[in-house]
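Here's the structure, in structure tokens; my notes come after.
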Amino acid sequence: MNFVALRMLTGDRSKYFGLVFAIAFCTFLLENQTSIFANIMRRTASQILDVTDAEVWVMDPKTEYWDQTKALKDTDLTRVRGVPGVAWAVRLFKGNPVAKTLNGKFAVSLLIGLDDATLSGAPRKMLRGSWQQLREPDSVVLDQAGYVLLFPGEPLELGRTLEMNDHRVTVVGISDASAPFLSVPVMHTRYSEAVNFLGRERTQLSFIIARPLPGTTPDELAARIAGATALRARTTQQFIWDCIRYYLKNTGIPVNFGITILVALVVGTVVAGQTFYLFTVENLKQFGTLKAMGVTNPRLVGMILLQAASVAALGFALGTGMAATFFEITLRNLATRGIVLMWQCAALTGACILFVAVVASVLSIRRVLVLEPAEVFR
Amino acid sequence: MTPAADTAAVSCRDVQKHFGEGETRVQALRGVEFVARFGELSFLVGPSGCGKTTLISVIAGLLDRTGGELSVLGVEIDGLTPGERVLFRRKNVGFLFQQYNLLPAFTAAENVAVPLLIGGILRKEALERARSLLARLGLSQRTEALPSQLSGGQQQRVALARALVHEPRLVICDEPTAALDHASGEAVMDLLAGNAVHPDRAVIVVTHDTRVFHYAQSIAHMDDGRIAKVTRGQLTEARA
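Chains as they are written, first to last, in our numbering: chain A, -17 to 360; chain B, 28 to 267.
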């Protein structure tokens, strides 16, 4: 009877394609919007993720997330290093100077100052040059997107000059840094240089990054540092979620995306669910005929479930394909780099589509089960 | 006439059926006495609303009666569970509907094969048997046509093949010629009389098409939920 169920489903091509595309577009919208939302949220912590050396981040107790920091005292570094279980701890500066090119192009940038001795936190994905060249005086590593922004239409070349706070710096490397939340150039330099590129303040230490000794977990170390120094110490994962939570709580992003996602879900549910329900209702006479001819109720339920599952699976696959194609295309764009179709979003969307299919099936099944087979004579 | 033809395939005694309760109660069958014999075309005729459709629905096990006794093919339908009743219908009853009720997305052969598929026959074998029967009914060139590509008479022939393909012992036809012109109706009735009537099978035809009464071996005239009279048809008289 599977053959009968599937032929009934595909027999009316316009209805069948209407059903499949309703679910496909619902899938596309849900996967697209949830993935963009999740990736934008992840961007709030891009630079934390890029610092692969660090397992614990130490900051002023008032610092809530990456983008706004209150400086630590230089002596705090010594205090952190004195906490039992610390393998190493180094300084990390974060500032937002204005970088200018010689032809007058300028952009507010994200400058990260690395420990002079170890260069811990240096970008690991390099497209041109080497991060070790940061040991040269007045040198920076600039990310590709920043390079394209500051030197539009020019090939990726090392040795270009930028000006920051009346200092001339040379681009010694081009990195493939993760896109920051705001589309600004990302530059890395040494700590001692970074503080000069921004203008001196009394205290400038943004973060201390640390690693635990073997046998100590990052969670344990973070708790110990917080206890011993009264500073805020977070593991990398905790700090990432701090940033995401901050933006979720203090910006309109979740509301805007939430509305779009909700609309996609409601429209998709109503359109796909109602179309499938109407498909069954319009086929009631056929179901009644089958019932009269001796098809049992469980068999009819199986047929409807098979029809719903087929449409949902095909629509979901098509929609996921559309979403994957969309992200494959946008992935090549520097402004939207790093925004990918997340498997969690696909799984969540799959669950929603399954829910829609189940609800529509249950309503349809109810109509078929209460159908009197004697109706076929009317 | 074979010995089986003398025995009753369907026997109704004082069969009652009402719909609704209280003020909305409608008494559709008021003590029907009806017999359909094996090997015969039994017609059930009468004006609209006299209870013909209700009676065949009760006989086919599609509706429960509210009183009286009913035996179909020697089985007391009331003694069966709902599931057994469905299986009984699947195995023993073939239907021919006024509006054909063919599945629009299925070819003629696939439509005919449906009762076999319901019975668990493999698709290939079911289609072979369906095509063979369609050929017997003169539709060998139209087996792969969709219902929408067939004339009314051809659709009713496909429906007839579907009613017979699983070799049921009871065939119930509801106004099989009502939607057809005279020639097509005659052709369908010829095929029905020639292919459905069998010593081990009873055929009940509900109709008010007087043009086809001459095919009947017995005609039960219904009025107001009762069998008003039973006459023997011309075929019976001719045989006698």
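Where is the CB? At the ideal position from N, CA and C, for every residue including glycine. None of these values were measured; they are calculated from a predicted model.
- CA-to-CA, the gap between N(-16)(A) and G110(B) works out to about 20 Å.
- In this structure, L92(A) sits away from V151(A), with a CB-CB distance that is not shorter than 7 Å.
- Apart from sequence neighbours up to five positions away, the residues of its chain that approach V80(A) with a beta-carbon distance below 6 Å are F88, V90, ordered along the chain.
- Shown here, A186(B) sits in a helix according to DSSP, grouped into three states.
- The beta carbons of V38(A) and A290(A) sit about 50 Å from each other, so the pair does not count as a contact at 8 Å.
- One finds K267, Q268, G270, T271, A274, V358 in chain A with Cβ atoms closer than 9 Å to the Cβ of N128(B), taken in chain order.
- Close CB contacts of V341(A) within its chain, under the 8 Å cut and outside five residues either way in sequence, are with T251, G255 (chain order).
- When rounded, the separation of the alpha-carbon atoms in P195(B) and V2(A) is 39 Å.
- Close to chain B, meaning a Cβ-Cβ distance shorter than 8 Å, are the following residues of the region -16 to -3 of chain A: F(-15), V(-14), R(-11), M(-10), T(-8), G(-7), D(-6).
- If you draw a straight line from the Cα of A205(B) to the Cα of M304(A), it is about 52 Å long.
- Here Y129(A) is near I156(A), since their CB atoms are less than 7 Å apart.
- Against chain A, the CB of T204(B) has no partner CB under 7 Å away; the residue lies outside that interface.
- Among the residues of the region 277 to 295 of chain A, those with a Cβ less than 7 Å away from any Cβ of chain B are V277, T278, in the order of the chain.
- Chain-order list of chain A residues neighbouring P142(B): M275, by C-beta distance under 7 Å.
- For L124(A), the closest C-alpha among the options L132(A), T100(A), E118(A) is that of L132(A).
- Distance from the Cα of K44(B) is smallest, within the candidate group S38(B), L56(B), E50(B), for L56(B).
- Under the three-state reduction of DSSP output, F65(B) falls in the coil class, being neither helix nor strand.
- S211(B) sits in a helix when the DSSP states are folded into three classes.
- Counting along the chain, I148(B) sits inside no alpha helix (DSSP H), nor does DSSP assign it H or E at all.
- As the crow flies, the alpha-carbon of D224(A) is around 9 Å from that of W48(A).
- When secondary structure is reduced to three states using DSSP, H248(B) falls in the strand class.
- In the three-state reduction of the DSSP assignment, D201(B) falls in the strand class.
- Remark: fewer than three beta-carbon pairs, one from each stretch, lie closer than 8 Å, so the region 351 to 358 of chain A and the region 315 to 334 of chain A are not flagged as touching.
- R117(B) and G240(A) have their alpha carbons spaced roughly 52 Å apart.
- The straight-line gap separating the alpha-carbon atoms of A162(B) and V277(A) is approximately 26 Å.
- Straight-line measurement puts the Cα of D158(A) at about 15 Å from the Cα of P137(A).
- At least one beta carbon of chain A lies nearer than 7 Å to the beta carbon of S84(B).
- Listed in chain order, the non-local C-beta contacts of R(-5)(A) below 8 Å within the same chain number zero, local neighbours out to five positions each way being set aside.
- As summarised for the region 225 to 306 of chain A, there are no continuous beta strand (DSSP E) elements at least 3 residues long confined to that stretch.
- Of the residues assessed, G76(B) falls on the exposed side of the cut-off, its CB having fewer than 16 other CB atoms within 10 angstroms.
- About 5 Å separates the beta carbons of I83(B) and I199(B), which is inside the 8 Å limit, making them a contact pair.
- At least 7 Å separates the beta-carbon of V230(B) from that of V239(B).
- The beta carbon of P236(A) sits no closer than 7 Å to any beta carbon of chain B.
- Secondary structure note for A205(A): its alpha helix (DSSP H) is the uninterrupted segment 200 to 211.
- Under the 7 Å criterion on CB atoms, T170(B) is classed as non-interfacial with respect to chain A.
- Interface annotation, P355(A): in contact with chain B, CB-CB separation under 7 Å.
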